[in-house]
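Below: the structure, in structure tokens.
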């Protein structure tokens, strides 16, 4: 499921598990924001288009960071007038992680299932293939426990890694859910047997 939202005078196509930089939003890092100006919602082959907005449809997101885009250089010159002017501008942005898309009918697609959002935190670095930096990336997306990780779709994990940049996108999360489920169930002997077969979270 995806949605087209309006924010900062622009339109963006977004989905749960996606990261995106938008025009600056006045809110603190870690705070949840809900967009209700939804221009369209797509589910499978279907598409609901608003007039102009889809009623009762919402998109939830968590603020990951605030920052400045790369500088845009502006140079003006008038020939034979001895006039030239150089300027620069860096546009402010807010980076969001989209956690859920809800349709007018109440159907919801979430990066982390709502029933698991309150699960107690675990040390996800125990998962083969997850280091401190990836652990931080998962935490910003609300994934802090073995139960949550086991329930997170691999497509969401790949999208999350890709959103973190090239150094994260190269990691393969294929076995993370399997490892997390064993850890969540307390099957540590089976967990160790599995991780002994893995290199960087990938089966040898």
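In our numbering, the protein residues as written are 255 to 458. Built from N, CA and C at the ideal position, the CB exists for glycine as well. For clarity, every value in this text was computed on a predicted model and none was experimentally measured.
Collapsed DSSP secondary structure at residue i in the structure displayed
{"i": "residue 459", "result": "No answer is possible for residue 459: it lies beyond the span of the chain, which begins at 255 and ends at 458."}
{"i": "residue 352", "result": "strand"}
{"i": "residue 436", "result": "helix"}
{"i": "residue 289", "result": "strand"}
{"i": "residue 447", "result": "helix"}
{"i": "residue 294", "result": "strand"}
Beta carbon of residue i nearer than 8 Å to that of residue j
{"i": "residue 281", "j": "residue 314", "result": "no"}
{"i": "residue 293", "j": "residue 258", "result": "yes"}
{"i": "residue 385", "j": "residue 349", "result": "no"}
{"i": "residue 352", "j": "residue 270", "result": "yes"}
{"i": "residue 427", "j": "residue 455", "result": "yes"}
{"i": "residue 347", "j": "residue 264", "result": "no"}
{"i": "residue 289", "j": "residue 261", "result": "yes"}
{"i": "residue 415", "j": "residue 423", "result": "yes"}
{"i": "residue 434", "j": "residue 388", "result": "no"}
{"i": "residue 403", "j": "residue 378", "result": "yes"}
{"i": "residue 311", "j": "residue 356", "result": "yes"}
{"i": "residue 283", "j": "residue 317", "result": "yes"}
{"i": "residue 344", "j": "residue 325", "result": "yes"}
{"i": "residue 256", "j": "residue 296", "result": "yes"}
{"i": "residue 444", "j": "residue 451", "result": "no"}
{"i": "residue 272", "j": "residue 417", "result": "yes"}
{"i": "residue 431", "j": "residue 408", "result": "yes"}
{"i": "residue 375", "j": "residue 399", "result": "yes"}
{"i": "residue 358", "j": "residue 309", "result": "yes"}
{"i": "residue 383", "j": "residue 323", "result": "no"}
Identified DSSP bridge partners for residue i
{"i": "residue 261", "result": "264"}
{"i": "residue 328", "result": "341"}
{"i": "residue 276", "result": "348"}
{"i": "residue 457", "result": "452"}
{"i": "residue 459", "result": "Only positions 255 to 458 of the chain appear in this structure, which leaves residue 459 out of reach."}
{"i": "residue 303", "result": "294"}
{"i": "residue 321", "result": "347"}
Contained alpha helix (DSSP H) runs [length at least 4] in the stretch 362–424, N- to C-terminal order:
Runs of alpha helix (DSSP H) with 4 or more residues, each lying fully within the stretch 362–424, are found at 386–394, 400–405, 408–417, 420–423, listed in chain order.
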